[in-house]
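Q: Right, I'll just put the structure down here and ask away after.
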Amino acid sequence: MEKVSERKRTYVRGKPLGNDLRSLIIDEIIHSGGNIITREYPGNFFAIAKRFSVHDSTVNNIWSNYCENKTLDPKKKKGGNPSKLRDGDLELIETLTRIRPTISLNELKDDLKFFDEAGLKLPHHGTRYYGHAPEDERCIELARYHQTPNITLNLLAGLEGVVCANTVKGAASSVHLLQFFGEAAQAGNVVAQRPALEYGPDIVVMDNCPTYHYTMAKRY
Numbered sequence: 002m003e004k005v006s007e008r009k010r011t012y013v014r015g016k017p018l019g020n021d022l023r024s025l026i027i028d029e030i031i032h033s034g035g036n037i038i039t040r041e042y043p044g045n046f047f048a049i050a051k052r053f054s055v056h057d058s059t060v061n062n063i064w065s066n067y068c069e070n071k072t073l074d075p076k077k078k079k080g081g082n083p084s085k086l087r088d089g090d091l092e093l094i095e096t097l098t099r100i101r102p103t104i105s106l107n108e109l110k111d112d113l114k115f116f117d118e119a120g121l122k123l124p125h126h127g128t129r130y131y132g133h134a135p136e137d138e139r140c141i142e143l144a145r146y147h148q149t150p151n152i153t154l155n156l157l158a159g160l161e162g163v164v165c166a167n168t169v170k171g172a173a174s175s176v177h178l179l180q181f182f183g184e185a186a187q188a189g190n191v192v193a194q195r196p197a198l199e200y201g202p203d204i205v206v207m208d209n210c211p212t213y214h215y216t217m218a219k220r221y
């Protein structure tokens with residue numbers, strides 16, 4: 002909401018001055034004898050503040066920031082409630098809102114899903130940890146190193162946590178991927194009171210694993 006300052010300038014609370022106005026203030030200070038290296042200014046900030054309809058402390062802060070950081074951009078605020086979203090998160094949200102401009106925050110939280118798979122094995126499978134030996138001697142037995150067969154874990158998660166998962170013996174293929182999505186569509190999300198995966202509104206984010214980009218998987 003726009004407000005009018007004591008010096009009759011329109012501003013929005015919490016929004017910093019634009020770089021155009023900041024540039025004009027810096028140019029005026031330098032033209033009046035300001036030294037960027039020493040940060041000294043022989044004049045009065047109040048006169049410049051009055052000319053541009055801002056507070057003299059604002060002029061002082063802009064000049065100090067420019068001399069210190071060589072930029073017109075305002076300093077980032079520290080403390081308070083900093084954003085927990087990274088640049089990639091913001092780009093994703095922007096993309097989703099472009100696809101569905103009417104999407105609400107709650108719908109975005111419910112519709113956004115993340116899929117990934119991982120292979121796992123249990124080491125030392127079948128290895129015995131106890132044996133027998135004469136007194137004061139070590140128990141030694143040579144045996145082949147054993148592991149369990151590879152198991153693939155398919156997992157679908159939302160912002161609230163895991164919504165569906167299954168395991169596949171061996172490596173997973175595009176067929177297993179499609180089967181998993183079919184199972185997820187039939188499974189229910191107790192918290193959201195809806196299917197774990199719903200065709201249409203749900204948006205699934207996944208990595209560039211070749212299995213996901215096989216022609217048959219893309220088609221479906």
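The letter at position 84 of the sequence shown is residue 85 when you use my numbering, and the numbering goes up by one with no holes. Built from N, CA and C at the ideal position, the CB exists for glycine as well.
For T103, does the three-state DSSP call read helix, strand or coil?
A: Three-state result, T103: coil.
Q: My output table needs one value for D208: the three-state DSSP class, helix, strand or coil.
A: Of the three classes helix, strand and coil, the one that applies to D208 here is coil, per DSSP.
Q: Can you tell me whether I37 is helix, strand or coil according to DSSP?
A: Three-state result, I37: coil.
Q: Could you have a look at G44 and say whether DSSP puts it in helix, strand or coil?
A: Coil at G44, not helix or strand.
Q: So which of A185, K71, A144 has the shortest CA-CA distance to V164?
A: If we check each option's Cα against that of V164, A185 comes out closest.
Q: Measuring CB to CB, does D208 end up less than 9 Å from D117?
A: Going by C-beta atoms, D208 is nearer than 9 Å to D117.
Q: Select from P135, Q194, P75, Y42 the residue whose C-alpha is nearest the C-alpha of P17.
A: The residue with the shortest Cα to Cα distance from P17 is P75.
Q: What do you get for D28, buried or exposed, if any count of 16 or more other CB atoms within 10 angstroms of its CB means buried?
A: So D28 counts as exposed.
Q: Would you kindly report the start and end of the unbroken alpha helix (DSSP H) that includes A185?
A: Per DSSP, A185 belongs to the alpha helix (DSSP H) from 175–187.
Q: For a test of the three-state rule: what should DSSP assign to C165, helix, strand or coil?
A: Correct three-state label for C165: strand.
Q: So, helix, strand or coil for I290, using DSSP?
A: Because the chain is modelled from 2 through 221, residue 290 falls outside the range shown and cannot be assessed.
Q: Skipping 5 residues on each side, what residues in its chain have a beta carbon closer than 6 Å to that of C210?
A: The answer is none, since no qualifying residue turns up.
Q: Rounded to whole angstroms, what is the Cα-Cα separation between L93 and C140?
A: Each residue's Cα considered, the two are about 59 Å apart.
Q: Contact defined as beta carbons within less than 8 Å: I believe G44 pairs with S58. What is the distance between those atoms, to the nearest angstrom?
A: Not really, about 16 Å apart at Cβ, beyond 8 Å.
Q: Nearest-angstrom Cα distance between L160 and G201?
A: Spanning the two alpha carbons is a distance of roughly 18 Å.
Q: Where does T72 sit, in a helix, a strand or coil, going by DSSP?
A: The answer is coil: DSSP assigns T72 none of H, G, I, E or B.
Q: Measure the Cβ-Cβ separation of L157 and A119 and say whether it is below 9 Å.
A: In this structure, A119 does not lie closer than 9 Å to L157 by Cβ.
Q: When we look at the beta-carbon of V169 and count the other beta-carbons within 10 Å, is it buried (16 or more) or exposed?
A: So V169 ends up on the buried side.
Q: Any idea which residues DSSP pairs L157 with across the strands?
A: Paired residue(s): F116, C165.
Q: Name the DSSP bridge partner or partners of K170?
A: Partner(s): I152.
Q: Who pairs with R52 in a beta bridge, going by DSSP?
A: None; R52 has no bridge partner.
Q: Where does R241 sit, in a helix, a strand or coil, going by DSSP?
A: Nothing about residue 241 can be read from this structure; the chain reaches only from 2 to 221.
Q: Using a threshold of 9 Å, state whether the C-beta atoms of I49 and I37 are closer than that.
A: Taking 9 Å as the Cβ cut-off, I49 and I37 do not qualify as a contacting pair.
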